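Working notes for the structure below.
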Amino acid sequence: MPLYQIATIDGDGIGPEVCQSATRVLSHACGSDLLEFTRCDGGAAHYARTGHVLPDDTFALCRDSAAILHGAAGLPGVTYPDGTEVGNDLHLQLRFRLDLYANVRPVRLWQGVKSPLAGWQAGQIDYVIVRENTEGLYASRGGGINLRGEVATDTIVVTRKGVERVARFSFGLSRKRHGAPRDGKRRVTVCDKANILRSYAFFRAVCEEVAREHADVEIDYAYADAMTVHLVKRPDFYDVIVAENMFGDIISDLGAATIGGMGLSPSAELGERHGLFQGAHGSAPDIAGQNLASPLATILSGTLMLQWLAERHGDARLSAAARRIETAVGQVLAQGDAVPRDLGGSATCTEVTEAVLRRLDRAAG
Numbered sequence: 001m002p003l004y005q006i007a008t009i010d011g012d013g014i015g016p017e018v019c020q021s022a023t024r025v026l027s028h029a030c031g032s033d034l035l036e037f038t039r040c041d042g043g044a045a046h047y048a049r050t051g052h053v054l055p056d057d058t059f060a061l062c063r064d065s066a067a068i069l070h071g072a073a074g075l076p077g078v079t080y081p082d083g084t085e086v087g088n089d090l091h092l093q094l095r096f097r098l099d100l101y102a103n104v105r106p107v108r109l110w111q112g113v114k115s116p117l118a119g120w121q122a123g124q125i126d127y128v129i130v131r132e133n134t135e136g137l138y139a140s141r142g143g144g145i146n147l148r149g150e151v152a153t154d155t156i157v158v159t160r161k162g163v164e165r166v167a168r169f170s171f172g173l174s175r176k177r178h179g180a181p182r183d184g185k186r187r188v189t190v191c192d193k194a195n196i197l198r199s200y201a202f203f204r205a206v207c208e209e210v211a212r213e214h215a216d217v218e219i220d221y222a223y224a225d226a227m228t229v230h231l232v233k234r235p236d237f238y239d240v241i242v243a244e245n246m247f248g249d250i251i252s253d254l255g256a257a258t259i260g261g262m263g264l265s266p267s268a269e270l271g272e273r274h275g276l277f278q279g280a281h282g283s284a285p286d287i288a289g290q291n292l293a294s295p296l297a298t299i300l301s302g303t304l305m306l307q308w309l310a311e312r313h314g315d316a317r318l319s320a321a322a323r324r325i326e327t328a329v330g331q332v333l334a335q336g337d338a339v340p341r342d343l344g345g346s347a348t349c350t351e352v353t354e355a356v357l358r359r360l361d362r363a364a365g
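Here the sequence shown stands for residues 1 to 365, where the numbers follow full-length UniProt numbering.
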């Protein structure tokens, strides 16, 4: 019997295609005795049919499983009465109900991928954005005020507990990495607007307190507006960036653009006991069902899942499988075995998946 049950929500749009591609690759790399994927309902289409974006049985399975793998969620026109999108509420509910406080978004330029930034090569852009995932401006979700259609307010929420734990996570992550590409220094950059708003000044102050417990990791600061410039002009300076929820959401998409796009942007949403893994891209309903989506972001999210499970359970087989998949993806990209559409090629979702599987087979043989 497989050791690790993975709750799997295909979701909407391209979600089923990329999620099923990822499960094929993960199963191939891990063998039949490690992972068991249990598919469950959820998403905008499910809401349109049933009135529930996250059914109770799906939440229970997610809560009780070793990890959660998600494709994508959201469909045009499927909204709540207040105009907010139903699809986003799927993983937002999981995020808040399972206390997934650290959203980890690696930004890495792979060999064989041309950055939109002129002159930057593989290995020169390699940092991680850690987005505080349960507070900030998004804490107002469902609780803001729209007064008579004349005034609308949402409140930013920043707590000591929330900042301390995401800051400690970020400094701990830096200790596991090899430092910034430019100088090899382990560095945590705090992205905020501490010069304008007290909430962000508090965010920075708490990060500074945590930094004193991590003298081996340098602390750095950047205002959110300046960060949008720095990630374009000097991306090699960064190792780990920690930010409030909204700012982390924005700069992680900018970072993804510098390494080829959202199709190469994996993410992990982590708490003390639970983890949700999905590509950071959306559901792309315009190409859904056409076998045109790139599965690489979801496959790479799967490697983050394996690494997280390996650390939690002390299972070296999982971390070895994650390395094999990363190597296979790197070879596919470097050699141009199957270049997806978002990177300028014409390979289908199936063709990219098959190329990764072939590389895994060659390594095993």
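The C-beta atom is built at its ideal place from N, Cα and C for all residues, glycine as well.
Model, not experiment: these values are computed from the prediction.
Checklist entry - For proline 340, which three-state DSSP category applies? => result Locating residue 340 in the sequence shown gives position 340, counting from the first residue. Reduced to three states, the DSSP call for proline 340 is strand.
Next on the checklist: With a threshold of 8 Å, are at least 3 pairs of Cβ atoms found where one atom belongs to the region 34 to 43 and the other to the region 6 to 25?
Outcome noted: By the Cβ rule, the region 34 to 43 counts as touching the region 6 to 25, because three or more pairs are nearer than 8 Å.
Checklist entry - CB-CB under 7 Å to arginine 131, same chain, minus the five flanking residues each way: which ones, in chain order? => result As a position in the sequence shown, residue 131 is number 131, starting the count at 1. Cβ within range, chain order: Asn103, Arg105, Ala243, Asn245, Gly248, Asp249 and Ser252.
Checklist entry - Should alanine 205 be labelled buried (16 or more other beta-carbon atoms within 10 Å of its own) or exposed? => result The residue you call residue 205 lines up with position 205 of the sequence shown. With fewer than 16 other Cβ atoms within 10 Å, it is exposed.
Checklist entry - Based on Cα-Cα distance, which residue from Arg234, Leu357, Arg108 and Gly271 lies nearest to alanine 338? => result Walking along the sequence shown from the start, residue 338 turns up at place 338. When only C-alpha atoms are compared, the closest one is Leu357.
Item to check | glutamate 269 classed as buried or exposed, judged by whether at least 16 other C-beta atoms fall within 10 angstroms | outcome: Looking up residue 269 in the sequence shown gives position 269. It counts as buried.
Item to check | Cross-strand partners of residue 375 (DSSP beta bridge) | outcome: The displayed coordinates of the chain run from 1 to 365. Any statement about residue 375 would go beyond what the structure contains.
Item to check | Boundaries (first-last residue) of the alpha helix (DSSP H) holding glycine 91 | outcome: Translated into positions along the sequence shown, residue 91 becomes position 91. The residue you asked about is not glycine; residue 91 is histidine in the sequence shown. Per DSSP, histidine 91 belongs to the alpha helix (DSSP H) from 86 to 97.
Checklist entry - In this structure, what does DSSP give as the bridge partners for aspartate 249? => result Within the sequence shown, numbered from 1, the residue matching residue 249 stands at position 249. The beta-bridge partner set that DSSP reports for aspartate 249 is empty.
Checklist entry - In terms of residue numbering, what span does the alpha helix (DSSP H) encompassing serine 232 cover? => result In the sequence shown, residue 232 corresponds to position 232, counting from 1. Serine is not the amino acid found at residue 232; the sequence shown has valine there. Counting along the chain, valine 232 sits inside the alpha helix (DSSP H) bounded by residues 224 to 233.
Checklist entry - At what residue ranges does the region 37 to 94 contain a whole run of the alpha helix (DSSP H), taking only runs of 4 or more? => result For the region 37 to 94, whole alpha helix (DSSP H) runs of length 4 or above, ordered along the chain, are 44 to 50 and 56 to 64.
Item to check | Length at least 3, wholly inside the region 111 to 188: the beta strand (DSSP E) runs in chain order | outcome: Every unbroken stretch of the beta strand (DSSP E) spanning 3 or more residues and falling wholly within the region 111 to 188 is given here in chain order: 126 to 132, 145 to 147 and 151 to 153.
Checklist entry - valine 210 lies in the alpha helix (DSSP H); which residues open and close that run? => result Position 210 of the sequence shown, counted from the start, is the residue given in the question as residue 210. Per DSSP, the continuous alpha helix (DSSP H) segment holding valine 210 begins and ends at 198 to 211.
Checklist entry - So glycine 15 is in the alpha helix (DSSP H); what residue range does that whole segment cover? => result Here the question's residue 15 lines up with position 15 in the sequence shown. Residues 15 to 30.
Item to check | Bridge-paired residues (DSSP) for threonine 8 | outcome: Here the question's residue 8 lines up with position 8 in the sequence shown. BP columns for threonine 8 point to Arg39 and Leu69.
Checklist entry - In this structure, what does DSSP give as the bridge partners for glutamate 269? => result Within the sequence shown, residue 269 is the residue found at index 269, counting from 1. BP columns for glutamate 269 point to Asn103 and Leu276.
Item to check | Cβ-based burial, isoleucine 196 [other Cβ within 10 Å; buried from 16] | outcome: Within the sequence shown, the letter at position 196 stands for residue 196. If you draw a 10 Å sphere on the C-beta of isoleucine 196, you find fewer than 16 other C-beta atoms in it, and that means exposed.
Checklist entry - Alpha carbon to alpha carbon, what distance is there between threonine 298 and leucine 292? => result Mapped onto the sequence shown, residue 292 falls at position 292. Mapped onto the sequence shown, residue 298 falls at position 298. Using only the alpha carbons, I get a separation of about 14 Å.
Checklist entry - By how many angstroms is the C-alpha of alanine 222 removed from the C-alpha of alanine 194? => result Taking the first residue of the sequence shown as position 1, residue 194 is located at position 194. Taking the first residue of the sequence shown as position 1, residue 222 is located at position 222. Cα-Cα distance, rounded: 9 Å.
Next on the checklist: Considering only the alpha carbon of each residue, which of Gly144, Ala45 and Glu218 lies closest to alanine 288?
Outcome noted: To locate residue 288, count along the sequence shown from 1; it is residue 288. Nearest C-alpha to alanine 288 among Gly144, Ala45 and Glu218: Ala45.
Item to check | Cβ pair count under 8 Å reaching 3, the region 298 to 311 against the region 325 to 342 | outcome: By the C-beta criterion, the region 298 to 311 is judged to be in contact with the region 325 to 342, since at least 3 inter-stretch pairs fall below 8 Å.
Next on the checklist: Beta-carbon within less than 8 Å of threonine 350's beta-carbon, same chain only, minus the 5 sequence neighbours each way: which residues are those?
Outcome noted: Here residue 350 corresponds to residue number 350 of the sequence shown, with the count starting at 1. Contacts found: Ser21 and Asn291.
Checklist entry - How about residue 386 and glycine 87: do their beta carbons lie closer than 8 Å? => result Beyond the ends of the chain as shown, which are 1 and 365, falls residue 386; an answer cannot be given.
Item to check | Local Cβ density within 10 Å of isoleucine 125, reported as buried at 16 or more and exposed below that | outcome: One-based indexing of the sequence shown puts residue 125 at position 125. Burial call: buried.
Checklist entry - Skipping 5 residues on each side, what residues in its chain have a beta carbon closer than 8 Å to that of leucine 92? => result Working through the sequence shown from its first residue, we reach residue 92 at position 92. Here the set comprises Tyr138 and Arg141.
Next on the checklist: Taking only three categories from DSSP, how would you classify valine 217?
Outcome noted: Taking the first residue of the sequence shown as position 1, residue 217 is located at position 217. Coil.
Next on the checklist: Please report the straight-line C-alpha distance between threonine 258 and alanine 67, rounded to a whole angstrom.
Outcome noted: The residue you call residue 258 lines up with position 258 of the sequence shown. The residue you call residue 67 lines up with position 67 of the sequence shown. So the two alpha carbons sit approximately 29 Å from each other.
Item to check | Residue from Val240, Val157 and Tyr47 with nearest C-alpha to glycine 184 | outcome: On the sequence shown, residue 184 is found 184 positions in, with the first residue counted as 1. The candidate whose alpha carbon is nearest that of glycine 184 is Val240.
Item to check | Exposed unless 16 or more other CB atoms sit within 10 angstroms - verdict on isoleucine 6 | outcome: In the sequence shown, the residue the question calls residue 6 occupies position 6. The residue is buried, with at least 16 neighbouring Cβ atoms inside 10 Å.
Item to check | Backbone CA spacing between tryptophan 120 and aspartate 236 [nearest angstrom] | outcome: Numbered from 1 along the sequence shown, position 120 holds the residue referred to as residue 120. Numbered from 1 along the sequence shown, position 236 holds the residue referred to as residue 236. Those two C-alpha atoms are separated by around 9 Å.
Checklist entry - So what does DSSP say about isoleucine 259, is it helix, strand or coil? => result Position 259 of the sequence shown holds residue 259. If DSSP states are grouped into helix, strand and coil, isoleucine 259 belongs with coil.
Checklist entry - Can you name, in chain order, every residue of its own chain whose Cβ lies under 8 Å from the Cβ of valine 78, other than the five neighbours on each side? => result Position 78 of the sequence shown holds residue 78. Cβ neighbours of valine 78 beyond the five flanking positions: Ala44, Ala45, Tyr47, Ala48, Glu85, Val86 and Gly87.
Checklist entry - Taking buried to mean at least 16 other C-beta atoms within 10 Å of its own C-beta, is glutamate 135 buried or exposed? => result Position 135 of the sequence shown, counted from the start, is the residue given in the question as residue 135. When all chains shown are included, glutamate 135 counts as buried.
Checklist entry - In chain order, what residues of the same chain have a beta carbon less than 6 Å from the beta carbon of valine 18, not counting five sequence neighbours either side? => result Walking along the sequence shown from the start, residue 18 turns up at place 18. Excluding sequence neighbours, valine 18 sits near Gly71, Ala293, Pro295 and Thr298.
Checklist entry - What's the call for threonine 58, buried or exposed, on a 16-neighbour Cβ count within 10 Å? => result Mapped onto the sequence shown, residue 58 falls at position 58. Flag for threonine 58 reads buried.
Item to check | Run of the beta strand (DSSP E) containing alanine 355, from where it starts to where it stops | outcome: Against the sequence shown, residue 355 aligns to sequence position 355. Looking at the DSSP string, alanine 355 is not in any beta strand (DSSP E); the run it does join, the alpha helix (DSSP H), is 349 to 364.
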